[in-house]
Structure formats: C-alpha cells, structure tokens
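Below: the structure, in structure tokens.
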Amino acid sequence: MNKREFLTDAILFIPAAGVLQALVAEAAANAVGPAAPDGYDATRHWYGMGIDVGKCIGCNRCVEACKAENNVPDEPFYFRTWIERYRIHSDGETTVECISTRAGPPEQVEPEDPTVVRTFFVPKLCNQCANPPCVQVCPVGATFQTQDGVVLVDAQRCIGCRYCIQACPYGARYLNPTTRTADKCTFCYHRITEGLLPACVEVCPTEARIFGDLKAHADRLVRFHRVNEISVLKPDLNTEPKVLYARLDGEVR
Amino acid sequence: MRLPEQVMRLGIVVGGIAAIVLLLRFVLLPDTLFSAKPHQAATVVREMEKPLHHAGVAACRECHAEQFDLKYGGKHRNIGCENCHGPAAAHAAEPKSEASMPPLPREREKCLACHAYDSSRPNGFPQVDPQEHRPRKKCVSCHDPHDPVPDEAPEDCAACHGRIEQTKALSTHALLPCASCHAVDERHLTEPRLALPSKPDSREVCGRCHAAGSTDPDASKAVVDLESHGGTYVCWECHYAHLPEGRK
Numbered sequence: 000m001n002k003r004e005f006l007t008d009a010i011l012f013i014p015a016a017g018v019l020q021a022l023v024a025e026a027a028a029n030a031v032g033p034a035a036p037d038g039y040d041a042t043r044h045w046y047g048m049g050i051d052v053g054k055c056i057g058c059n060r061c062v063e064a065c066k067a068e069n070n071v072p073d074e075p076f077y078f079r080t081w082i083e084r085y086r087i088h089s090d091g092e093t094t095v096e097c098i099s100t101r102a103g104p105p106e107q108v109e110p111e112d113p114t115v116v117r118t119f120f121v122p123k124l125c126n127q128c129a130n131p132p133c134v135q136v137c138p139v140g141a142t143f144q145t146q147d148g149v150v151l152v153d154a155q156r157c158i159g160c161r162y163c164i165q166a167c168p169y170g171a172r173y174l175n176p177t178t179r180t181a182d183k184c185t186f187c188y189h190r191i192t193e194g195l196l197p198a199c200v201e202v203c204p205t206e207a208r209i210f211g212d213l214k215a216h217a218d219r220l221v222r223f224h225r226v227n228e229i230s231v232l233k234p235d236l237n238t239e240p241k242v243l244y245a246r247l248d249g250e251v252r
Numbered sequence: 000m001r002l003p004e005q006v007m008r009l010g011i012v013v014g015g016i017a018a019i020v021l022l023l024r025f026v027l028l029p030d031t032l033f034s035a036k037p038h039q040a041a042t043v044v045r046e047m048e049k050p051l052h053h054a055g056v057a058a059c060r061e062c063h064a065e066q067f068d069l070k071y072g073g074k075h076r077n078i079g080c081e082n083c084h085g086p087a088a089a090h091a092a093e094p095k096s097e098a099s100m101p102p103l104p105r106e107r108e109k110c111l112a113c114h115a116y117d118s119s120r121p122n123g124f125p126q127v128d129p130q131e132h133r134p135r136k137k138c139v140s141c142h143d144p145h146d147p148v149p150d151e152a153p154e155d156c157a158a159c160h161g162r163i164e165q166t167k168a169l170s171t172h173a174l175l176p177c178a179s180c181h182a183v184d185e186r187h188l189t190e191p192r193l194a195l196p197s198k199p200d201s202r203e204v205c206g207r208c209h210a211a212g213s214t215d216p217d218a219s220k221a222v223v224d225l226e227s228h229g230g231t232y233v234c235w236e237c238h239y240a241h242l243p244e245g246r247k
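For the record, the sequence lines run as chains X and R. Numbered according to numbering that gives the first Met the number 0, the first sequence spans residues 0 to 252. Numbered according to numbering that gives the first Met the number 0, the second sequence spans residues 0 to 247.
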C-alpha cells in the first residue's frame, strides 16, 4: 500500500465510522422511545378498546363525536371510526355496507329482506396494533408507536406518500385533504392522557365501546377481556390488535 | 525520538477529518437527523396539547347534578350528556357564554337515530316504526329524555321485538299471538331482563296444532307424529317458529 492509497482509504473510512456511530446512537435512542412529557408516565399504560358487537345499535353518534373532537373533514368518506352493517344471506353471501356515509336516519323503515339470516352492526376504527404494519412501511419514520401503545402520525414529518394507507389491513387511515398528510384514530390521545374517555366512548349510548388500560390491575377493559370471548380482526396477520371484539361474527373481516 | 515528517502530516490530515466529522455530527447537524426520538416526543406533546371538544360526563355533573341524577336512575343512565347535547367543552369552560350554549334537541330525528326500527339493531332494543308511532308528534312531548319511561308499559310485544314481529308477519304463524307459545311475566314489561319470557319446554306446545290427528285446518298440512319425529329435541331446537320452513 502506498501513501496515496492509504489516504483515499482513510478519507473513506473515517466518515464511514462516523455514520456507523450515528446509526448505533439512533438505534439506542429508538430502544428507549420518545420521552414522556411532565406529569404523565406513558410506560405505566397500555391502552386498548373493547367493542361488544351485540350492543351496537348503529346510531352513528361515535362517528359524529369523533369528527367533532378531532376535526375530521365533514365529507362522508373521511373517517377515523365508522360503522359497517353486515347482512348474511341464506345462500352464504355476505354483504357489507358502511352506514356512516349517509346523513341521518332513513325516512322509512326498510322492508325486511327474507333472505337475510343474520344482520348486525360492527364499529371499526384503527386497531392500534402492537405490531403495526403501517409503522414498518413509513419511509420517513413519521408514524410510530408511543410507549402507551397508541400509533400516532407526525403530521410535520409525513410526506403524504400513502404507503401506510395501503399497508393498513383494516383500512383505518385516510389522507387528510387539508393537511395532505395521513390521519388516523389516536384513541383521542389528548383526552386519554388527561384521564378522559375517547369521544366515541364518551357518547356511545349502549356501552358497546369500552375504553381502558390493559396494564391496569382493575379496569373495565381488563374485566371485559376476562368475561367475554374475545376476537380480533384478521388475527392471521399477526398485527396483534388492541381493539378487542366480543360477540364478533365469524363473517366479519 | 522525532516522528517522521510524513506521519506528522498524515496525523494532521486524519485529525482534521475526524474533527470535521465530529463537528458535523454533534454541532452542525441537528439531532433529529440521527434519531427519531426528538420528533416523536414532539408529536406526543403536540397530540396531548390538542384542544378538547367533549367535556365528559363528570364535568356536566358538577353543575347539572339534578339532571344527571334523574338520568342515572332511568333507562338512559349510560348515555353521556354530550350524546344528545353535542360537544360541550366550550360551555364547560365558560358556562355563561351564549355562543357556546349546548343545544336542547327537540326534533324527532335525534331520538330516531337510535330508536327507529332497523333490522340490524340488537334484539330487544326499544325501536318504533317512525311512520306508525305518532308521526306528527315530538318524542319529548310524551317521553322525558332524561328518564324515558313510556306513559304505560308497552301493550304490544313489537314495541321492543320489532324484528321478530316483522319476521313473523311474513310467516304462516302471522296470526298467532306471542302469548300462545311464550308465558310473559308482568315484570317483563317494566324490567325486561329480570323476568325473561318462557320458551316452550315440551313438544306438546307445538303439538296442539301439529300433532298427528290435529283437526286444525291451517296446520293440517304440517302434521307430524310426535312419538317418532325428531328424537328427543324440543321443536324449536330445529324449527324457527317465527318463520317456519313451510313457506318461503
């Protein structure tokens, strides 16, 4: 090796070591997670929601409350939470309809369809997966999981590429037309960290939605988890959702 | 001992490069370029600082204890105030302000959002057909929304069991009253879940019309021998009496 070769190698090697060192530091920072703001210890919580499908009456109040609380655009195709009507017909066919797109209750009672064997409402929202596919695909690290288990979007860092919207198996994300960034349910993070309930749970008239902390000793959600047969949506994807459904029909996807 | 000249020069070059790298990494370039932690922490803070729109039941109760207690004793006990009165955080912050006064909904649509008959609603949830149930009257003129007790206990099973009523109306059993198969305790009308109606516990209940030798002209086409038909099961374990298989 002559002096010239040695110098070129050195010029390449030393910044490379700097980059390596930076990567190590970043990995260490990620392992610790974001710092907790004053007065609230995120490490002591692990939030989830319980939904009793047998109690949902499809009144759409949760959808309206969510839109009011979180400034979700009014147009009937932007939702952080929405309600689906399932109809299972005698020939095995299942039809799904999003009832949150309509304005107000229908004028007339719909005539009964004799081929429907079962019909019910299913509230849907972001499942706040413990293993979230949307976080994995974000190219700029704008979406992440907090220490209390809520998946948030950093609207200042999001570039609006829609990868996360594609990656979410539950269709829970949308592109906010005003900010041009991805938006989704945050479990009303500004409410739950103050000890309030998310807006949808606050207004649910039949207690079909239960909010709670899976790390707590005694909690409504912990009890809900204990006394009900719990299903999650698409368990085969290993996303480990924290939205727990009771009395969920096998046809629900 | 003196270091060779070329080692000194090399040392200066290496040291200079190292200094530039360290300066870039720790002084010139922001931390956010190397770690996700700062921008995630900032997002958490930003999310937590978002304004509240719903105050929550506890806040309403502080001033409106009377209405809360009335509601808490009735069927609407679990419904948050803001379900009907809308988001009220602004009102809770400034109770005297006229601009943020929550609405007092009196229109039928507000009640019908939950109580209009819809086949997908769970069975037993009180529902009415909006066109048959006093279509010109406001709900609040008969029912107190904070304690919605009907004037009298419902006479008709369809008041709550609309789905079964609509199914039965399509069936060959359309003309049978509910009481011909179910024994209904008086208490079921006021405390539905505490006194459930009975289901037939023997085959003789259906056998009154469907046993061999029945003289009932309407049931004569669907007559079975109770001794041999269906093993030990009660009829409704295979047949759905509200929509029997006889006519499709």
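We put the CB at the ideal spot given by N, CA and C, even for glycine. If you're wondering where the values come from, they're calculated on a predicted model, not measured in any experiment.
Distance, residue j Cα to residue i Cα
i, j, result
"X/Ala245", "X/Tyr46", "17 Å"
"X/Ala34", "X/Lys214", "Because the pLDDT of X/Ala34 is 49, which lies under 50, any placement of that residue in the model is unreliable, and the question is left without a value."
"R/Lys137", "R/Ile78", "20 Å"
"R/Glu286", "X/Glu109", "No answer is possible for residue 286 of chain R: it lies beyond the span of chain R, which begins at 0 and ends at 247."
"X/Phe5", "R/Gly15", "16 Å"
"R/Thr31", "X/Arg156", "11 Å"
"R/His187", "X/Gly249", "32 Å"
"X/Pro168", "X/Pro234", "11 Å"
"R/Thr166", "R/His160", "10 Å"
"X/Arg179", "R/Glu131", "47 Å"
"X/Phe210", "R/His114", "25 Å"
"X/Asp8", "X/Leu232", "54 Å"
"X/Gly32", "X/Gly194", "Only weak support exists for where X/Gly32 lies, its pLDDT of 47 falling under 50; the value from the coordinates is given anyway. Rounded to whole angstroms, X/Gly32 to X/Gly194 spans 22 Å at the Cα level."
"X/Asn69", "R/Ser140", "34 Å"
"X/Ala30", "X/Phe143", "Model confidence at X/Ala30 stands at a pLDDT of 48, short of 50, so the residue's coordinates are unreliable; what they give is reported in the following sentence. Spanning the two alpha carbons is a distance of roughly 13 Å."
"R/Gly85", "R/Pro102", "7 Å"
"R/Val6", "R/Met0", "13 Å"
Contact under 8 Å by Cβ, residue i with residue j
i, j, result
"R/Glu244", "X/Glu201", "no"
"X/Ala154", "X/Leu124", "no"
"X/Ile82", "X/Ser99", "yes"
"X/Val52", "X/Leu247", "yes"
"X/Glu74", "R/Ser118", "no"
"X/Thr192", "X/Ile56", "no"
"X/Pro131", "X/Thr80", "no"
"R/Ser201", "R/His181", "no"
"X/Ile50", "R/Val20", "no"
"R/Leu27", "X/Arg190", "no"
Within chain R, the residues that residue i reaches when beta carbons sit closer than 7 Å
i, result
"X/Ala217", "Chain R residues near X/Ala217: none, gap ~19 Å exceeds 7 Å."
"X/Phe120", "Ser119"
"X/Phe143", "Ala35, Gln39"
"X/Thr185", "Glu46"
Any non-hydrogen atom of the ligand NAP within 7 Å of residue i CB
i, result
"R/Gly79", "The ligand content of the structure shown is nil, which means the ligand NAP is not present either."
Listed by chain order, chain R residues near residue i by CB distance under 8 Å
i, result
"X/Gly53", "Pro121"
"X/Ile253", "Chain X is shown only over 0 to 252; residue 253 of chain X falls outside these bounds and no answer can be derived."
"X/Leu196", "Gly55"
"X/Thr264", "The shown model of chain X, from 0 to 252, leaves out residue 264 of chain X, and the question about it has no answer."
Neighbour list for residue i in chain X, Cβ cutoff strictly below 8 Å
i, result
"R/Val6", "By Cβ distance, chain X contributes nothing, its closest Cβ being about 11 Å from R/Val6, past 8 Å."
"R/Val139", "Those within 8 Å of R/Val139 in chain X number zero; the least Cβ separation is about 16 Å."
"R/Val13", "Ala9, Ile13"
One or two residues paired with residue i in a DSSP bridge
i, result
"X/Thr142", "X/Val152"
"X/Lys123", "X/Trp81"
"X/Cys260", "Past the boundaries of the shown model lies residue 260 of chain X; chain X is included only from 0 to 252, so the question cannot be answered."
"X/Asn175", "X/Thr180"
"R/Ala210", "R/Val223"
Proximal residues of chain X, C-beta to C-beta of residue i below 7 Å
i, result
"R/Asp128", "Val108"
"R/Ala173", "Ordered by position in chain X, no residue passes the 7 Å Cβ test against R/Ala173, which lies about 13 Å from the chain."
"R/Gly79", "Glu201, Val202"
Span of the alpha helix (DSSP H) around residue i
i, result
"R/Glu108", "107-114"
"X/Val242", "Per DSSP, X/Val242 belongs to no alpha helix (DSSP H); it is in the beta strand (DSSP E), 242-245."
"R/Gly15", "4-22"
"X/Asn237", "Premise fails: X/Asn237 is in no alpha helix (DSSP H) and is neither H nor E."
"R/Asp68", "64-71"
"X/Phe223", "219-226"
"R/Ala40", "36-47"
"R/Gly161", "161-168"
"X/Tyr46", "That residue, X/Tyr46, is in no alpha helix (DSSP H); its beta strand (DSSP E) goes 46-51."
"R/Asn82", "80-84"
"X/Glu68", "60-69"
"X/Glu250", "X/Glu250 -> no alpha helix (DSSP H), and no H or E assigned at all."
Where residue i meets chain R, residues with beta-carbon distance less than 9 Å
i, result
"X/Tyr188", "Val43, Glu46, Met47, Lys49"
9 Å Cβ cut-off: residues of chain X touching residue i
i, result
"R/Thr166", "Glu111, Pro113"
"R/His52", "Ala64, Ala67, Glu68, Asn69, Asn70, Ala198"
"R/Leu169", "Glu111, Pro113"
Minimum Cβ-Cβ distance from residue i to chain C less than 8 Å
i, result
"X/Glu201", "Given the protein chain composition of this structure (X and R), no chain C is represented."
Host beta strand (DSSP E) of residue i (start-end)
i, result
"X/Arg208", "208-212"
"R/Gly230", "No beta strand (DSSP E) holds R/Gly230; DSSP gives it neither H nor E."
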